[in-house]
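To keep things clear, I will list the structure first and then write my remarks on it.
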Amino acid sequence: MTADLTPAEREAAQLEYIDGRYEIISHFPFVAPRPILLADHDDEAKRRCRFCARGKPEVRFRKKAHAVAHLLGNKSIISMNECDECNGHLGKYEDQLGKWTLFARALSHVPGKKNKLAKFKGGCGKLKIEHDAAGVTTLHLPSPRSPDALLAGGFPAELPIAEDTESQPYIPIEAAKALVKIACSVCPPSELGQCATAIDWLMGRRQIGLKPFPVWFAFTPGPISNEVSDVVLLRRKQDSPEPYLWCVVQCGNLRFQVFVPFCPADRALIRNDDTGCTFKASGVHCPSKFGPDWPFGPTRYGYMDWSGEEPVRSAQTAAICIQRVIAVHRPGQKLD
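Going by our numbering, the first residue of the sequence shown is number 484, and it counts up by one from there.
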């Protein structure tokens, strides 16, 4: 994609690229009228876990296993193919993803368990994002520290948030595994063979390094309800230098796009050497579901390499659009 394209031209080119190469094989909303139960079996006696291949009575299926991490706002998509033991193992990856997304989820009002909104506290304790019972958000900012500082130079259109936004330490490759786990959970049974090695990798049965591990992400500004959040699994239509399976996870304002590694259909795209595997494939962002004319601003696209195996922190930036400023006086405060 050339940098001089207009937003509309860029999105049209992205749509043409994706539609020409991929088809949707799974699509589930995070919020649905009734639970979406994903099951490989039609008889409870034949129920098996996708991740360890065991069934009853060897393993139990008592826990409600969310196919997409609950912390991302998933209220509806439940996997019937995940035993309690594997659910516990895979949950550690979701925890790593949760640490990276905490800042964005707190700002975007993504509802977690029991619809509680995430809170964020910066590493220095200067930035805090909190919510009351009614969902009203309070931001404690390092700067500006007074109304006079806020309004210096005139009424601001935006309030940048760039200080004290470092995440909690997270392990990039484990955060990436949380996204791959989502893809393996929503994959239809007919394509599950393509996920077999990825599942072994998630469960630690295969120790395979992969550098880089590309994760595409996008952020769309403005008030976005969790009602638009969903997961889509795309399958390549024919041989070409793109991954066979792409998983796109929309979580409120934030979107992730990640490939399923080690698919047999992708053998030509993976190079093995002494350091592990190198992914050599082209790809492009899926177009924004909000379109180029979204009134709150265009979707911004980015790329991350999440192949790191050591804990790291990452800082993010954001800006709050200011529509009006209201003076609030504390009880007993003397007014000028």
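Don't be surprised by glycine CBs; every beta carbon is placed ideally from N, CA and C. Nothing here was measured: the structure is a model prediction, and the numbers come from that model.
Residues of its chain near residue i, where Cβ-Cβ distance is below 6 angstroms and the 5 sequence neighbours each way are ignored
i    : result
F586 : F603, T648 and Q799
D502 : none
G785 : F700
P643 : A802
D757 : Below a pLDDT of 50, predicted positions are generally treated as unreliable, and D757, at 46, falls in that range; no measurement from the model is reported.
R796 : E649, S650 and P652
Own chain residues within Cβ distance below 8 angstroms of residue i, not counting five before or after
i    : result
P706 : F779
A665 : One point to set straight first is that residue 665 is Ile, not Ala, in the sequence displayed. Once the five neighbours on either side are set aside, the close Cβ partners of I665 are A550, V551, A552, V714, C730 and V732.
L685 : F534, L573, Y576, K660, V663, K664 and C667
K547 : I561
Q497 : M484, V767, H768, C769 and P770
A632 : S626
R688 : none
For residue i, three-class secondary structure by DSSP
i    : result
R493 : helix
V715 : strand
D757 : For D757, the predicted structure reports a pLDDT of 46, less than 50, and the residue's modelled location is therefore unreliable. The matter cannot be settled from this model.
C566 : coil
P697 : strand
A528 : helix
S610 : The sequence as given places Leu at residue 610; Ser does not occur at that position. Coil at L610, not helix or strand.
S797 : coil
H549 : strand
I707 : coil
K539 : coil
Outcome for residue i when other beta-carbon atoms lying within 10 angstroms are tallied against a minimum of 16
i    : result
R543 : exposed
A658 : buried
R517 : exposed
I507 : exposed
P671 : exposed
T621 : exposed
I656 : buried
N709 : buried
K720 : exposed
P540 : exposed
S629 : exposed
Endpoints, the alpha helix (DSSP H) within which residue i is located
i    : result
P655 : P655 to V669
H623 : No alpha helix (DSSP H) holds H623; the beta strand (DSSP E) holding it covers T620 to H623.
P630 : P630 to L634
A801 : Taken as a continuous stretch (DSSP letters only), A801 belongs to no alpha helix (DSSP H), being part of the beta strand (DSSP E) at A801 to C804.
Of the listed residues the options, nearest to residue i (C-alpha basis)
i    : options                   : result
P724 : I665, D713, Y505 and T489 : Y505
L580 : P794, K694, Q721 and G637 : P794
R750 : H768, G785 and Y727       : Y727
L488 : R796, S797 and P775       : P775
P652 : C804, E792 and Q497       : E792
K529 : N564, A496, S790 and Y500 : N564
V593 : F742, L521 and C734       : C734
A616 : L600, G608, N557 and H623 : L600
P697 : M787, Q721, A640 and K611 : M787
I691 : I654, F739 and P744       : P744
A515 : D523, N557 and Y500       : N557
Residues near residue i in its chain [Cβ-Cβ closer than 7 angstroms; skip 5 each side]
i    : result
C566 : C532, C535, R537, V542, R543 and F544
P781 : P490 and P775
F511 : I519, I560, V669, D713 and V714
First through last residue of the beta strand (DSSP E) which encompasses residue i
i    : result
L520 : I519 to L521
W729 : L728 to C734
V788 : Sequence check: residue 788 is Asp here, not Val. Start and end: R783 to D788.
L642 : E641 to I644
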